[in-house]
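Take the sequence shown: its letters are residues 1 to 129, numbered as in full-length UniProt numbering.
Beta carbons are placed, not taken as given, at the ideal position from N, Cα and C, and that holds for glycine.
Everything below concerns the one structure shown next.
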Amino acid sequence: MIIFDACVLIAHFRTSDAHHEDADRILLDSAETPIGASTITLAEVFTGPSRHPERLHAVQAEVRDMELQEIHLDRNSATQLAQLRVETGLKLPDCCVLLAATQVSADTVATFDDRLAKAARDRGLTVLG
Numbered sequence: 001m002i003i004f005d006a007c008v009l010i011a012h013f014r015t016s017d018a019h020h021e022d023a024d025r026i027l028l029d030s031a032e033t034p035i036g037a038s039t040i041t042l043a044e045v046f047t048g049p050s051r052h053p054e055r056l057h058a059v060q061a062e063v064r065d066m067e068l069q070e071i072h073l074d075r076n077s078a079t080q081l082a083q084l085r086v087e088t089g090l091k092l093p094d095c096c097v098l099l100a101a102t103q104v105s106a107d108t109v110a111t112f113d114d115r116l117a118k119a120a121r122d123r124g125l126t127v128l129g
């Protein structure tokens with residue numbers, strides 16, 4: 001499974017984003033692989049479109065069409081996120097990407113964020129982006 005960071009998904013949905021073409025390529029190349037994102041990541045993705053209900057519905061429909069699995073936080077998530085935050089120095093949304101990868105035993109993370117990419121590689125994950 002590939003776990004997506006919000007920046008890749010946002011770039012895919014926003015044609016004016018500098019990473020739009022890269023995001024599209026990552027999604028096309030992963031078409032045969034299960035993909036997922038944490039609940040917090042999806043909240044980040046939905047924030048901009050939430051200002052316009054019709055845009056939000058379109059983005060939600062595309063997420064469903066992509067068959068992107070939402071990775072929910074579990075009972076131990078608060079402690080695990082705190083530990084990841086201390087270990088990596090990443091912001092909590094980025095820690096959610098790493099935690100989601102751990103929860104589903106993913107081997108790959110898609111991100112354009114250099115710090116998240118380094119933390120993912122340090123944990124033995126492959127990074128796309």
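Measure the Cβ-Cβ separation of residue i and residue j and say whether it is below 7 Å.
| i | j | result |
| --- | --- | --- |
| LEU27 | HIS12 | yes |
| ILE3 | ALA106 | yes |
Buried or exposed for residue i, going by 16 or more other Cβ atoms inside 10 Å?
| i | result |
| --- | --- |
| ASP5 | buried |
| THR111 | buried |
| ALA23 | buried |
| ASP65 | exposed |
| ASP113 | buried |
Can you give me the C-alpha to C-alpha distance between residue i and residue j, rounded to a whole angstrom?
| i | j | result |
| --- | --- | --- |
| ALA119 | ALA61 | 31 Å |
| LEU99 | GLU54 | 31 Å |
| HIS19 | ILE10 | 9 Å |
| VAL63 | VAL8 | 13 Å |
| ALA117 | CYS95 | 11 Å |
| ILE40 | PRO93 | 6 Å |
| ALA58 | VAL127 | 28 Å |
| GLY124 | ALA101 | 11 Å |
| VAL104 | ARG75 | 15 Å |
| GLY129 | THR33 | 16 Å |
| ALA70 | THR108 | Residue identity check: residue 70 is Glu in the sequence provided, not Ala. Their Cα atoms are separated by approximately 16 Å. |
| THR88 | THR79 | 14 Å |
| LEU81 | ASP17 | 29 Å |
| LYS30 | GLN83 | Correcting the residue identity first, residue 30 is Ser in this sequence and not Lys. One C-alpha to the other measures close to 30 Å. |
So residue i packs on residue j, CB below 8 Å; how close in whole Å?
| i | j | result |
| --- | --- | --- |
| residue 132 | SER38 | No answer is possible for residue 132: the residues shown for the chain start at 1 and end at 129. |
| ARG115 | LEU90 | 6 Å |
| PRO49 | LEU56 | 4 Å |
Taking only runs that begin and end inside the stretch 29-86, name each unbroken alpha helix (DSSP H) of 4 or more residues, in chain order. Within the stretch 29-86, the complete alpha helix (DSSP H) segments of 4 residues or longer fall at 39-47, 53-65, listed in chain order.
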